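S.K.: My questions will all concern the structure given below.
Protein chains: 2
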Amino acid sequence: MKGNPPACGAWDLLIQLLLSQRGQLPVLAAALELSPAQCHVLYIIEPGRPVPMKQLAVSLSCDASNVTGLVDRLESRGLIRRQPGAADRRVKELELTPTGARLRAELIARMSTPPPAVGRLSARDQRELERILSRLLQS
Amino acid sequence: MKGNPPACGAWDLLIQLLLSQRGQLPVLAAALELSPAQCHVLYIIEPGRPVPMKQLAVSLSCDASNVTGLVDRLESRGLIRRQPGAADRRVKELELTPTGARLRAELIARMSTPPPAVGRLSARDQRELERILSRLLQS
DNA sequence: CTCAATATTTGATGTTGTCAACTATCGTCC
DNA sequence: GGACGATAGTTGACAACATCAAATATTGAG
């Protein structure tokens with residue numbers, strides 16, 4: 000990959016973008032009385048699609064023990080529920096409560112508002128960007 | 000912006016990418032015995048370009064008091080130095096030590112290695128992505 | 001000189017994250 | 001069926017991160 004200038008150039012720019020946005024999540028989260036990690040959890044759990052805690056740990060790429068506390072706090076706020084797993088009695092599946100689903104919708108609505116710089120791209124570049132990113136994410 | 004589907008679509012994908020990469024920084028950081036926040040600090044301070052603490056807080060979009068502890072830990076490891084500001088005696092400027100500069104170079108080298116998915120894009124898409132992102136970041 | 005504004009630090013507090021150790025359950029192998 | 005290793009989740013100890021409010025020191029304007 001070292002001998003592949005366009006890939007490295009594109010990736011460097013993505014790094015810059017990622018780091019420049021790293022600070023925005025805490026701000027956005029605070030407005031909803033959430034932490035960044037809690038936002039990430041709500042983002043991952045879709046309404047009506049329970050997620051085992053272990054899988055959540057993998058999605059967050061963090062230790063399973065970390066998920067316990069994270070879920071404790073979200074559950075104590077009534078945003079998610081622990082449900083015993085159907086087949087395997089070791090697992091607990093996480094489900095959004097109605098309140099949680101509403102907050103998630105609000106969260107996603109706020110996250111989805113693109114920063115002005117995206118709107119300043121030409122229509123063609125916006126479509127190209129969308130196409131390339133979707134290819135990048137699915138592979 | 001609500002009535003601008005391509006911008007929103009592109010931004011949604013960037014969000015996904017951002018969240019999917021959120022977990023990688025801790026891993027990369029740990030390999031160098033750093034925390035994600037410390038990586039971000041080293042990334043921001045370029046060799047030979049001292050940065051006032053206040054400006055660092057702005058770049059990290061965090062509280063100034065947070066920077067104190069962050070800098071304390073990096074300084075106690077000999078990676079950066081506090082220097083009294085030239086003009087204003089209230090400010091302290093942060094400078095990389097030689098050790099810090101070496102670690103920063105290593106950090107950036109590791110961060111710059113693109114994930115395989117980027118390499119799977121066609122050469123044309125890689126160039127397009129690079130072009131669009133550079134336009135996005137400069138505006 | 002006085003006073004509001006700014007840069008940094010300190011202390012209190014809550015969250016995130018890791019690791020090691022523990023319990024409960026599952027699956028497999030004999 | 002019973003022993004045993006693997007897996008899901010929890011707990012406790014601990015360090016780092018992050019915020020706020022309060023304190024200090026310095027600056028710059030009036």
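Quick note, the sequences are listed as chains A and B, same order. Taking numbering that gives the first Met the number 0, the leading residue of the first sequence gets 0, the next gets one more, and so forth. Taking numbering that gives the first Met the number 0, the leading residue of the second sequence gets 0, the next gets one more, and so forth. Every residue gets a Cβ at the ideal spot worked out from N, C-alpha and C, and that includes glycine. This structure is a prediction, so every number in the text was calculated from the model and none was measured.
Just checking my contact of V144 of chain B with L102 of chain B at CB under 8 Å: how many whole Å lie between their CB atoms?
M.R.: Residue coverage of chain B in this structure runs from 0 to 138, which leaves residue 144 of chain B outside it and unanswerable.
S.K.: Which residues share a DSSP beta bridge with K91 of chain A?
M.R.: K91 of chain A is bridged to A:P83.
S.K.: Could you check what DSSP says for P49 of chain B in three-state terms: helix, strand or coil?
M.R.: In this structure, P49 of chain B counts as coil in the three-state DSSP scheme.
S.K.: Given that a residue counts as buried once 16 or more other Cβ atoms are within 10 Å of its Cβ, and exposed if not, what is P113 of chain B?
M.R.: P113 of chain B should be labelled buried.
S.K.: Under 9 Å, Cβ to Cβ, is there at least one residue of chain A near Q54 of chain B?
M.R.: Output row for Q54 of chain B: interface = no.
S.K.: Taking 9 Å as the threshold (beta carbon to beta carbon), is I44 of chain A in contact with chain B?
M.R.: So, not an interface residue.
S.K.: Please decide whether P25 of chain A counts as near chain B, where near means a Cβ-Cβ distance under 9 Å.
M.R.: Chain B, which has a Cβ nearer than 9 Å to the Cβ of P25 of chain A, makes this yes.
S.K.: Expressed to the nearest angstrom, what Euclidean distance is found between the alpha-carbon atoms of Q125 of chain B and I131 of chain B?
M.R.: So the two alpha carbons sit approximately 10 Å from each other.
S.K.: Can you list, in chain order, the residues of its chain with a C-beta nearer than 8 Å to that of I107 of chain B? Leave out the 5 residues immediately preceding and following it.
M.R.: Cβ within range, chain order: Y42.
S.K.: According to DSSP, is P35 of chain A part of a helix, a strand, or is it coil?
M.R.: P35 of chain A: helix per DSSP, three-state reduction.
S.K.: Any beta-carbon of chain B closer than 9 Å to the one on L16 of chain A?
M.R.: Answer yes: the Cβ-Cβ gap between L16 of chain A and chain B drops below 9 Å somewhere.
S.K.: Using the three-state DSSP reduction, which class does L120 of chain B fall into: helix, strand or coil?
M.R.: Residue state, collapsed to three classes: coil.
S.K.: Tell me whether A108 of chain A counts as near the ligand SAH, meaning its Cβ is closer than 8 Å to at least one heavy atom of that ligand.
M.R.: Looking for the ligand SAH in the displayed structure turns up nothing, as the structure carries no ligands at all.
S.K.: For A116 of chain A versus L135 of chain B, is the C-beta distance shorter than 9 Å?
M.R.: Against a cut-off of 9 Å, the Cβ pair of L135 of chain B and A116 of chain A comes out as a contact.
S.K.: In this structure, how does DSSP classify D71 of chain A when only helix, strand and coil are distinguished?
M.R.: Helix at D71 of chain A.
S.K.: Is the stretch 17–26 of chain A touching the stretch 51–70 of chain B in the sense that three or more CB pairs, one from each, lie closer than 8 Å?
M.R.: Verdict: yes, contact present.
S.K.: Assuming I79 of chain A and T67 of chain A make a contact with CB atoms under 8 Å, what is their CB distance in whole Å?
M.R.: Actually they are not in contact, since the Cβ atoms of I79 of chain A and T67 of chain A sit about 13 Å apart, beyond 8 Å.
S.K.: Name the chain A residues that come within less than 9 Å of R103 of chain B, Cβ to Cβ?
M.R.: Neighbours of R103 of chain B on chain A: none; closest Cβ ~14 Å, over 9 Å.
S.K.: So L16 of chain B and R109 of chain B are in contact, right, with Cβ under 8 Å, and what is the actual spacing, rounded?
M.R.: That pair is no contact at about 19 Å.
S.K.: Please list the terminal residues of the continuous alpha helix (DSSP H) segment that includes S111 of chain B.
M.R.: 97–111 is the extent of the alpha helix (DSSP H) around S111 of chain B.
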